[in-house]
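One line per chain: the protein sequences are A and B, in this order. Sequential numbering from 81 applies to the first sequence in my numbering. Sequential numbering from 920 applies to the second sequence in my numbering. The C-beta atom is built at its ideal place from N, Cα and C for all residues, glycine as well. These numbers were taken from a predicted model, which means no experiment stands behind them.
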Amino acid sequence: MYNEKVVKFLNKNKKMLRFENVSKIYPGDFVALEDIDLKVEQGEFISIVGHSGSGKSTLLKLVYAEEQPTSGIVSFNDRPLDSINRKHLPFYRRNVGTVFQDFKLLPQKTAYENVAYALEVSGESDEEIAERVPEILDIVGMGSKMGKYPRQLSGGEQQRVCMARALVHHPLVIIADEPTGNLDPTSTWEIIQLLLKINSLGTTILLATHNKVIVDKLNRRVVEIDDGRIIRDTEKGKYSSVKDKA
Amino acid sequence: MTKIQRTFKEGLNNFYRNGWLSFATVSVLTISLYIISVTLIIGVASNIVLKNIQGNLDVRVFFKSDVEDTKIQEIRSKLVGYQEIKSIDFVSKEKALEEFKKNSIDDQVISKTLDVIDGNPLLSSLVIKAKSPEQYDIIVKAINGAAFSEDIGNIDYKQNKDAIERFITIIKLVKQVGITLGIVFIFIGVLITFNAIRLTMYAHKQEFEIMRLVGASNIYIRMPFVFEGIFYGAASSIAVMIALLVTSKFLAPITSGSIAGGDIMDFYLSHFFIILLLLLISGIALGTISATIAIRRYLKI
Chain A
81 MYNEKVVKFL NKNKKMLRFE NVSKIYPGDF VALEDIDLKV EQGEFISIVG
131 HSGSGKSTLL KLVYAEEQPT SGIVSFNDRP LDSINRKHLP FYRRNVGTVF
181 QDFKLLPQKT AYENVAYALE VSGESDEEIA ERVPEILDIV GMGSKMGKYP
231 RQLSGGEQQR VCMARALVHH PLVIIADEPT GNLDPTSTWE IIQLLLKINS
281 LGTTILLATH NKVIVDKLNR RVVEIDDGRI IRDTEKGKYS SVKDKA
Chain B
920 MTKIQRTFKE GLNNFYRNGW LSFATVSVLT ISLYIISVTL IIGVASNIVL
970 KNIQGNLDVR VFFKSDVEDT KIQEIRSKLV GYQEIKSIDF VSKEKALEEF
1020 KKNSIDDQVI SKTLDVIDGN PLLSSLVIKA KSPEQYDIIV KAINGAAFSE
1070 DIGNIDYKQN KDAIERFITI IKLVKQVGIT LGIVFIFIGV LITFNAIRLT
1120 MYAHKQEFEI MRLVGASNIY IRMPFVFEGI FYGAASSIAV MIALLVTSKF
1170 LAPITSGSIA GGDIMDFYLS HFFIILLLLL ISGIALGTIS ATIAIRRYLK
1220 I
């Protein structure tokens, strides 16, 4: 999908994503995150777990620069995000694909147009778009439904369109904030499979979820957040550190 | 398509989709621009007319019928040296009669009368043109007080002066009213345009978040609204051009011959491109200003 050499180089020398002593305090002294230290390598698949309000979404917002940390540094490929000029943020954001629980698709545009839109804003030519969009929609399995509007698609299908849109700039990392929150178990698993597929091609995945079943099945790195702090960070982790009664 | 083409298309779409709102907005802007342009045109046209009239101004000194032509010529050569006087022409009564016959060739009554009358009822005159309109007063005073004043039959001048002064006063009044009304309407026009654009923004609210997430630059998000403002301005400019055309046509008969030998329609046509250009510039400027205000205040990105 994109240059393997780039990926390898990144793997070797830089931390793709790094949180150093990061805190986020909202006005009114609401502490969303505190003392966050986190390192993410290119190509990892990380599940970020914790109950509602624990700070998962805030953490992710810091990655796509929707928020800036109150203290500490968030860096992407060793480049601190706060050094990015506001005007250049849009260009940074094209490196980060985002998928949300509420889909955030434009209702008056078809699946094709929604994905194409992401390319239009970066000034791609019509020919480029006509080539790439069907390709990406195929990858997520929505090739045959390009002309449908969001209201004509099921939740799972809409989410796949979102994933296609997230992929369209060949991002290095995909942020998925509770992507399966509104989906039934089958669709949920399909989406997760898709994420795994994308991950196998080299894209880093940050998945925030409180779906225990998925996390346990994935058996990948788990970062648990509670009250704004990272309380657990394990490779091949389970949703809960508490052992199930087998 | 480049980004400009895309945002242009988006702006145009917004303009159309607003339907009646766009129509209302363009109408108000049209009224404001119309008032201002009519005022300006009246201003420019009346200046031309004024210059024309002043150019045609003269003082005619008619001499009593018993005064010899040679005496009149003498007087003429004395006056010619005055610094206020631009030119003096001697019109003998014979010449005056000839001109009169020529000018009234279509008028049956006058022609018949002339044939019947014995002799020449007209007087010889000196037609004096001053270098500038204010100097006529001085000239007339000088002539009244001159040595030859007893030979003078009458001086034909005062009526012109009154007419001119009345003309100037009316035009001044028209200009003041026009400018005041114009400013009021421009203010209203900008407000209405700004409001229309704000409504468009509101309709697209959910898109802004998505646009940002997907990596659209601020300019890309803003441009469609700037274009929308430009369309409001441009559309009203064209509407004003049409309104002016209709107005000119309507007023043409009344104004025939008054402006440099033509009527207001000729004026309009000969200045067509300048008027169009100025209108487009003002219309687009107004639209862009409204859009910028709306963006500053309401586009949270």
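| query | Quick one: which chain B residues come within Cβ less than 7 Å of Glu200 of chain A? | reply | Arg925
| Contacting residues, own chain, Cβ-Cβ under 7 Å from Phe1019 of chain B (five flanking each side not counted) | Leu1041
| query | Measuring CB to CB, does Ala283 of chain A end up less than 9 Å from Gln181 of chain A? | reply | Looking at the sequence shown, residue 283 of chain A is not Ala but Thr. No, the Cβ-Cβ distance between Thr283 of chain A and Gln181 of chain A is not below 9 Å.
| query | Relative to chain A, which residues along the segment 1132-1148 of chain B have a C-beta separation below 8 Å, given in chain order? | reply | Leu1132, Val1133, Gly1134, Ala1135, Ser1136, Asn1137, Tyr1139
| Going by alpha carbons, who is nearest to Asp257 of chain A out of A:Ser320, A:Pro251, A:Cys242? | A:Cys242
| query | What are the residues that DSSP puts in a beta bridge with Ser956 of chain B? | reply | Its beta-bridge partners do not exist; DSSP assigns none.
| query | Could you check where the alpha helix (DSSP H) with Ile1183 of chain B kicks off and where it finishes? | reply | 1183-1189
| field | Nearest residue (CA-CA) to Val963 of chain B, options B:Ile1193, B:Ile1203, B:Ile1200, B:Ala1210 | value | B:Ile1193
| task | State the Cα-Cα distance for the pair Ile1007 of chain B and Pro1052 of chain B, rounded to the nearest angstrom. | result | 15 Å
| said: Quick check: is the beta carbon of Lys184 of chain A nearer than 9 Å to any beta carbon in chain B? | reply: yes
| query | Taking 8 Å as the line, does the beta carbon of Ile105 of chain A fall inside it for any heavy atom of the ligand ZN? | reply | Annotation note on the ligand ZN: not contained in the displayed structure, which lists no ligands.
| Alpha-carbon spacing of Ala1204 of chain B relative to Ile285 of chain A, whole angstroms | 48 Å
| said: Determine, for Lys225 of chain A, whether the minimum Cβ-Cβ distance to residues of chain B falls below 9 Å. | reply: no
| query | Would Gly1072 of chain B pass as a contact of Phe982 of chain B if the rule is Cβ separation under 9 Å? | reply | yes
| message | Quick check on Val201 of chain A: buried or exposed, where buried means 16 or more other Cβ atoms within 10 Å of its Cβ? | response | buried
| query | Enumerated in chain order, which unbroken segments of the beta strand (DSSP E) with a length of 3 residues or greater are wholly contained in the segment 1082-1128 of chain B? | reply | none
| Same chain, Cβ closer than 8 Å to Arg174 of chain A, five either side skipped, listed in chain order | Ser202, His249, Pro251
| message | Taking the straight line between their C-alpha atoms, what separation do you get for Asp324 of chain A and Met1120 of chain B? | response | In this predicted model, Asp324 of chain A has a pLDDT of only 48, less than 50, meaning its place in the structure is not dependable; the value taken from the coordinates is given anyway. Going by the C-alpha atoms only, they are around 52 Å apart.
| query | Is the beta carbon of Arg301 of chain A sitting closer than 9 Å to the one on Asp115 of chain A? | reply | no
| Residues bridged to Ile1062 of chain B by DSSP? | None; Ile1062 of chain B has no bridge partner.
| query | What residues in its chain sit with their C-beta under 7 Å from that of Met81 of chain A, if we drop five residues either side in the sequence? | reply | Caution applies to Met81 of chain A, whose pLDDT of 49 falls short of 50 and renders its modelled position unreliable; the value that the coordinates give is listed next. Excluding positions up to five away in sequence, the list reads His250, Leu281.
| query | Which residues bound the beta strand (DSSP E) around Tyr196 of chain A? | reply | Note on identity: in this sequence residue 196 of chain A is Ala, with Tyr being the wrong assignment. Where Ala196 of chain A is concerned, there is no enclosing beta strand (DSSP E), although the alpha helix (DSSP H) it sits in stretches over 191-200.
| task | Could you spell out the range, first to last residue, of the alpha helix (DSSP H) harbouring Ser127 of chain A? | result | Here Ser127 of chain A belongs to no alpha helix (DSSP H); instead the beta strand (DSSP E) covers 125-129.
| said: Quick check on Asn966 of chain B: buried or exposed, where buried means 16 or more other Cβ atoms within 10 Å of its Cβ? | reply: exposed
| query | Is Thr283 of chain A helix, strand or coil when you go by DSSP? | reply | coil
| said: One question on the structure: do Thr949 of chain B and Val1159 of chain B come within less than 9 Å of each other, judged by their Cβ atoms? | reply: yes
| message | What does DSSP give as the partner residue(s) for Lys104 of chain A in the beta ladder? | response | A:Leu113
| What residues match up with Thr314 of chain A in a beta bridge as DSSP calls it? | A:Val302
| task | Rounded to whole angstroms, what's the CA-CA distance from Gln122 of chain A to Ala288 of chain A? Just pull it up for me. | result | 17 Å
| task | Could you check the C-alpha separation between Val1059 of chain B and Ser984 of chain B for me, to the nearest Å? | result | 20 Å
| said: Does any residue of chain A have a CB that is nearer than 9 Å to the CB of Lys1124 of chain B? | reply: no
| Chain-ordered neighbours of Thr1119 of chain B on chain A, where CB pairs are closer than 7 Å | By Cβ distance, chain A contributes nothing, its closest Cβ being about 14 Å from Thr1119 of chain B, past 7 Å.
| task | Figure out for me which residue from B:Leu1196, B:Tyr1139, B:Met1184 has the closest Cα to the Cα of Phe924 of chain B. | result | Residue identity check: residue 924 of chain B is Gln in the sequence provided, not Phe. The option with the nearest alpha carbon to Gln924 of chain B is B:Tyr1139.
| task | With a cut-off of 8 Å on the beta carbons, I'd call Phe1113 of chain B and Ile1212 of chain B a contact; round off their distance for me. | result | 5 Å
| request: Output yes if chain A places a C-beta closer than 9 Å to the C-beta of Thr921 of chain B; else output no. | output: yes
| field | Where Lys228 of chain A sits in the DSSP three-state scheme | value | coil
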